[in-house]
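Residue numbers for the sequence shown follow UniProt numbering, beginning at 1 and rising by one. Okay, structure first, notes after.
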Amino acid sequence: MNWDDTRIFLALCREQTLRSAARALGVDQATVGRRLASLEHALGATLFLRTSRGYSLTAAGEVAMAAALNMESSAAELQRQILGMDDRMSGVVRVTTTDSFAIDFVIPAIARLHQVQPGIEVQLQASTQMLNLSKREADIAVRTLKPENPDLIVRRVARWSSA
1 MNWDDTRIFL ALCREQTLRS AARALGVDQA TVGRRLASLE HALGATLFLR
51 TSRGYSLTAA GEVAMAAALN MESSAAELQR QILGMDDRMS GVVRVTTTDS
101 FAIDFVIPAI ARLHQVQPGI EVQLQASTQM LNLSKREADI AVRTLKPENP
151 DLIVRRVARW SSA
């Protein structure tokens, strides 16, 4: 069974005419008719009574509609749960460093980061003032001195000589 056929079936349930279902889906009427025939063939049942006023569900169609609505709901839930779980990151990161580190290391690193993670916005503050990471004045500090606060996570990122 084809999920696209099920989507077309649901559109016809909601719209009750081939023309309206086709318009809602952005396809032509013939496509709706063919996909409905394909679904009915796959299920081995007639899903609609065709009348001069449109399409009305048969008993089998009612059962199919309930199951198709569950499928549609599950597909939407899947999308809600998974959307954004890939490797794309986004958000704001506040970085503090000195002028010389900003020029020599941080700005080139931000440019490389932006190429692979364009959703991350880096707010850079170049200053000799030591911002308080514990008070969230910045998220990352790039400095030459090791901080005294034992609660901070410290990593050496480079060796640098000013000579």
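For every residue, glycine included, the Cβ atom is placed at its ideal position computed from N, Cα and C. Only a predicted model underlies this, so the values are computations on that prediction, with no experimental measurement involved.
For the candidate residues T144, D4, A141, whose alpha-carbon lies nearest to that of A68?
Taking the sequence shown and counting its residues from 1, the one referred to as residue 68 is at position 68. It is D4 whose Cα lies nearest to the Cα of A68.
Can you have a look at V116 and say buried or exposed, based on whether 16 or more other CB atoms are within 10 angstroms of its CB?
On the sequence shown, position 116 is the one that residue 116 refers to. Exposed is the call here.
Answer yes or no: do T96 and A138 have a C-beta to C-beta separation smaller than 8 angstroms?
Position 96 of the sequence shown, counting from 1, holds the residue named residue 96. Position 138 of the sequence shown, counting from 1, holds the residue named residue 138. Against a cut-off of 8 angstroms, the Cβ pair of A138 and T96 comes out as a contact.
Contact check, Q16 vs Y55 under 8 angstroms by CB: the rounded distance?
Here residue 16 refers to the residue found at position 16 when the sequence shown is read from its first residue. Here residue 55 refers to the residue found at position 55 when the sequence shown is read from its first residue. Right, the Cβ-Cβ distance comes to about 5 angstroms (below 8 angstroms), so this counts as a contact.
Among the residues of its own chain, which have a CB less than 7 angstroms from the CB of A60, if the five just before and after it don't count?
Looking up residue 60 in the sequence shown gives position 60. Closer than 7 angstroms at the Cβ level, and outside the excluded window around A60, lie A45, T46, L47.
Just the C-alpha distance for V122 and R94, rounded to the nearest angstrom, thanks.
Here residue 122 refers to the residue found at position 122 when the sequence shown is read from its first residue. Here residue 94 refers to the residue found at position 94 when the sequence shown is read from its first residue. Near 6 angstroms, if we compare the C-alpha coordinates of R94 and V122.
Considering Cα atoms alone, identify which of I140, A141, S134 is closest to D151.
In the sequence shown, counting from the first residue as 1, residue 151 sits at position 151. Among I140, A141, S134, the Cα nearest to that of D151 is on S134.
Using a Cβ-Cβ distance cut-off of 8 angstroms, determine whether R34 contacts chain B.
No chain B appears in the structure shown, which is made up of a single protein chain.
Where does T31 sit, in a helix, a strand or coil, going by DSSP?
The count along the sequence shown starts at 1 and reaches residue 31 at position 31. Helix, per DSSP.
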